[in-house]
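Read through the structure below, which is laid out as structure tokens, and then see the notes.
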Amino acid sequence: MKIIKNWLRKDVGIDIRDHLFGCKYEYRSTSTNKSSNTFFISNFDLTTNQTIMWVAEKLVKEFDHDIRIMRAYANLQFTGMNGDWHTDDGETTCLWMATESLPKGSGEFQTKDKKVKFDFNKLIMFDSKEVHRGMGPKKLNTPRITLAFKTKRA
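Residue numbers (the working numbering): 124 to 277.
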């Protein structure tokens, strides 16, 4: 697992966060597990969404090998919307924490062995096959948004 704090310039991070707040979200369970908890998701077209394309181009530079971004989406969670334990497709999952930092124990990204505090502008890169989940925030009316990219070696 690789964690990069303050991945983007703060003003750029705020602009991207604002873009994510303006996106259309669907409320649903995962496509592979219909009995999983429901959450909000916004899928992005990597050929037309200029903001997400810019973030993807920056993300590619974090790898020491050529990668292909398979898909990108944002997850939006509120209090009580804890994620289920799951694995992802692809080889590496990259999560960028888009909303305000949350208190310790709130909105954490978790693997079986690690808990990562939710901090604005933090990038987490991890093996897609590692079991993980995202916890909802504990403070009412405080959204937790992550921008996710699924990648594969080119």
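Each residue gets a CB set at the ideal place from its N, CA and C atoms; glycine is no exception.
Item to check | C-alpha gap between LYS235 and ASP138, whole angstroms | outcome: By 1-based counting over the sequence shown, the position of residue 235 is 112. By 1-based counting over the sequence shown, the position of residue 138 is 15. Straight-line measurement puts the Cα of ASP138 at about 33 Å from the Cα of LYS235.
Checklist entry - To the nearest angstrom, how far is it from the Cα of THR269 to the Cα of MET193? => result Residue 269 sits at position 146 when you count from the first residue of the sequence shown. Residue 193 sits at position 70 when you count from the first residue of the sequence shown. Computed Cα separation, rounded: 17 Å.
Item to check | Outcome for ALA197 when other beta-carbon atoms lying within 10 angstroms are tallied against a minimum of 16 | outcome: In the sequence shown, counting from the first residue as 1, residue 197 sits at position 74. Buried: at least 16 other Cβ atoms inside 10 Å.
Next on the checklist: Quick check on the DSSP output: what are the complete beta strand (DSSP E) runs of length 3 or more inside the stretch 183 to 214, in order along the chain?
Outcome noted: 190 to 200
Checklist entry - So who's on the other strand from THR234, going by DSSP bridges? => result Your numbering for residue 234 matches position 111 in the sequence shown. Looking at the DSSP assignment, THR234 forms a beta bridge with HIS255.
Checklist entry - How is the alpha helix (DSSP H) around ASP168 delimited, first residue to last? => result Here residue 168 corresponds to residue number 45 of the sequence shown, with the count starting at 1. ASP168: not part of any alpha helix (DSSP H); DSSP gives it neither H nor E.
Item to check | Closest residue to ASN244 among LYS125, ASP168, HIS142, SER224 (Cα-Cα distance) | outcome: Start at 1 with the first residue of the sequence shown, and residue 244 comes out as number 121. When the alpha-carbon of ASN244 is set against those of LYS125, ASP168, HIS142, SER224, the nearest one is in SER224.
Item to check | Extent of the continuous alpha helix (DSSP H) to which ARG276 belongs | outcome: Position 153 of the sequence shown, counted from the start, is the residue given in the question as residue 276. For ARG276, no alpha helix (DSSP H) segment is defined; the enclosing uninterrupted segment is the beta strand (DSSP E) at 267 to 276.
Checklist entry - So is HIS255 buried or exposed if we call it buried at 16+ other beta carbons inside 10 Å? => result As a working mapping, residue 255 is identified with position 132 in the sequence shown. Its Cβ being crowded by 16 or more others within 10 Å, HIS255 is buried.
Checklist entry - From the DSSP output, which residues share a beta bridge with LEU246? => result Reading the sequence shown from its first residue, position 123 is the one you call residue 246. BP columns for LEU246 point to ILE127, TRP219.
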